[in-house]
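Heads up, the thing below is written out as structure tokens.
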Amino acid sequence: MGIDQSRILITGGAGFIGTHLAERLSGQAKEVILFDNGRRDSLSLAPHLRAHPRIKFIAGDTLDKSSVAAAFDGGIDIVLHLAAIAGVSSYYQEPLKTLQVNILGTVNVLDEAARRGIAHFVDFSTSEIFGSDAMWVTEEMPCGIGASSERRWVYATSKLATEHFSLRYGETHGFAATVVRPFNIYGPRQTGEGAISNFCRAALEGKPLKVYGDGSPVRAWCYVSDTVDAIERILQRREQATGVFNIGNPREIETTLGLARRIARLVPGTSIEFEAVSRAEVRARVPVIERARTILGYEPKVDLEQGLNSTLQWFSQAKGAVR
Ligand SMILES: NC(=O)c1ccc[n+]([C@@H]2O[C@H](COP(=O)([O-])OP(=O)(O)OC[C@H]3O[C@@H](n4cnc5c(N)ncnc54)[C@H](O)[C@@H]3O)[C@@H](O)[C@H]2O)c1
Numbered sequence: 012m013g014i015d016q017s018r019i020l021i022t023g024g025a026g027f028i029g030t031h032l033a034e035r036l037s038g039q040a041k042e043v044i045l046f047d048n049g050r051r052d053s054l055s056l057a058p059h060l061r062a063h064p065r066i067k068f069i070a071g072d073t074l075d076k077s078s079v080a081a082a083f084d085g086g087i088d089i090v091l092h093l094a095a096i097a098g099v100s101s102y103y104q105e106p107l108k109t110l111q112v113n114i115l116g117t118v119n120v121l122d123e124a125a126r127r128g129i130a131h132f133v134d135f136s137t138s139e140i141f142g143s144d145a146m147w148v149t150e151e152m153p154c155g156i157g158a159s160s161e162r163r164w165v166y167a168t169s170k171l172a173t174e175h176f177s178l179r180y181g182e183t184h185g186f187a188a189t190v191v192r193p194f195n196i197y198g199p200r201q202t203g204e205g206a207i208s209n210f211c212r213a214a215l216e217g218k219p220l221k222v223y224g225d226g227s228p229v230r231a232w233c234y235v236s237d238t239v240d241a242i243e244r245i246l247q248r249r250e251q252a253t254g255v256f257n258i259g260n261p262r263e264i265e266t267t268l269g270l271a272r273r274i275a276r277l278v279p280g281t282s283i284e285f286e287a288v289s290r291a292e293v294r295a296r297v298p299v300i301e302r303a304r305t306i307l308g309y310e311p312k313v314d315l316e317q318g319l320n321s322t323l324q325w326f327s328q329a330k331g332a333v334r
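Note that this note's numbering has the sequence shown beginning at 12, numbered continuously upward.
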């Protein structure tokens, strides 16, 4: 069984990437169950998903074992585990909560997955596990998380822990386990933090684009539909697609200032302001995606210009509705 006839549980399913996965997978799966505590809500911006006959929403928190158990009722074949606290400001404002949700919440979901005998668990980790300088990194390179005195690293630490938990639970309990490390995903319905969503919102509200530091940090930008392609391919190739995959678009590399300038060009009249940074910076983050290319036949298709246009268009239509 691949995607067809599967019941797929997406934790964090009401979030940005979760709603895009639900949109694509509901065309093939028997049922897609979105489990979310409402910390973020991209689902309310996609009423067609709320009304979809094969998409079901369950409100619940990964830290609450009984609500996690209820999400598995009726049988689950595949778990896509996205529920997490993500967004740089949260690491500073809620560092302990970030560790608790991202580690303990994941273990609760893995425990239930093992108890119910699922077939495939896909854990959403992050490119942040590579630390401050992550230029052309492969899956096998050492992780470079910074000092524990710096709150910034609670997120990366929690995600690295869940990579190990996911792989080890899979080995121990006999289900396929895949870890994906997304590299800077953007697109419509990104209600949380992210340079592109922040810049789009500010530009459309007529506010200056705030660039922190000198704007030289580099990222590879991956449009959300390309991320969904990778996940779909992972689910279609369960036997081969275990272990860790970098998922991103290494052809679409841009500095933060370059990104601000592109958006300022697309929304005429937008100005750019610089603001000093006092916190740990990630200077570069660009993946090597050869493993995904070889095993999954994955190739990102959407270039930055195209992706920025569609994202801006969506933010402009959703203006007022995005919290
Ligand atoms: N967007 C990116 O560029 C990116 C990059 C690297 C990794 N990731 C990872 O991918 C996953 C999805 O990211 P996203 O951009 O869609 O983020 P998102 O914040 O939009 O989605 C996460 C969802 O999890 C939910 N959630 C949070 N805590 C929960 C809890 N305790 N119980 C149940 N639900 C909870 C939130 O309400 C939210 O809807 C996350 O695990 C994130 O860490 C994203």
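No residue lacks a Cβ here, since even glycine has one placed at the ideal position from N, Cα and C.
What is the DSSP secondary structure of residue i, reduced to helix, strand or coil?
i       : result
His-131 : strand
Trp-164 : helix
Ile-28  : helix
His-63  : coil
Ile-207 : helix
Ala-124 : helix
Pro-193 : strand
Arg-272 : helix
Arg-51  : coil
Taking the straight line between their C-alpha atoms, what separation do you get for residue i and residue j?
i       : j       : result
Pro-298 : Ser-77  : 38 angstroms
Glu-151 : Val-79  : 32 angstroms
Asn-320 : Thr-183 : 45 angstroms
Glu-161 : Val-288 : 14 angstroms
Asn-341 : Asp-225 : Missing from the structure shown is residue 341; the chain here goes from 12 to 334 and no further.
Val-43  : Phe-27  : 16 angstroms
Ser-282 : Ile-96  : 31 angstroms
Arg-262 : Arg-276 : 21 angstroms
Val-120 : Ala-40  : 21 angstroms
Ile-258 : Ile-14  : 20 angstroms
Pro-199 : Ser-327 : 10 angstroms
Arg-192 : Leu-307 : 15 angstroms
Relative to the alpha-carbon of residue i, which residue among the options has its alpha-carbon at the smallest distance?
i       : options                            : result
Arg-65  : Leu-110, Phe-194, Gln-16, Phe-27   : Gln-16
Ala-188 : Ile-44, Leu-220, Ile-242           : Ile-242
Gly-106 : Gly-280, Val-229, Leu-323, Ser-169 : In the sequence on display, residue 106 carries Pro and not Gly. For the residues Gly-280, Val-229, Leu-323, Ser-169, the minimum Cα distance to Pro-106 belongs to Ser-169.
Phe-141 : Val-118, Asp-237, Lys-67, Glu-174  : Glu-174
Thr-266 : Lys-67, Asp-88, Ile-207            : Ile-207
Phe-285 : Arg-126, Thr-253, Leu-268, Asp-52  : Leu-268
Arg-244 : Tyr-102, Phe-176, Tyr-103, Leu-36  : Leu-36
Buried or exposed for residue i, please, with buried defined as at least 16 other CB atoms from any protein chain shown within 10 angstroms of its CB.
i       : result
His-131 : buried
His-92  : buried
Glu-310 : exposed
Ser-100 : exposed
Ala-62  : exposed
Ser-159 : exposed
Gly-185 : exposed
Gln-201 : buried
Asp-47  : buried
Pro-228 : buried
Below 8 angstroms on the Cβ atoms is my guess for residue i versus residue j; work out the distance and round it to an integer in Å.
i       : j       : result
Arg-296 : Ala-231 : 7 angstroms
Cys-211 : Thr-73  : Not quite, the Cβ-Cβ distance comes to about 29 angstroms (not below 8 angstroms), so this is no contact.
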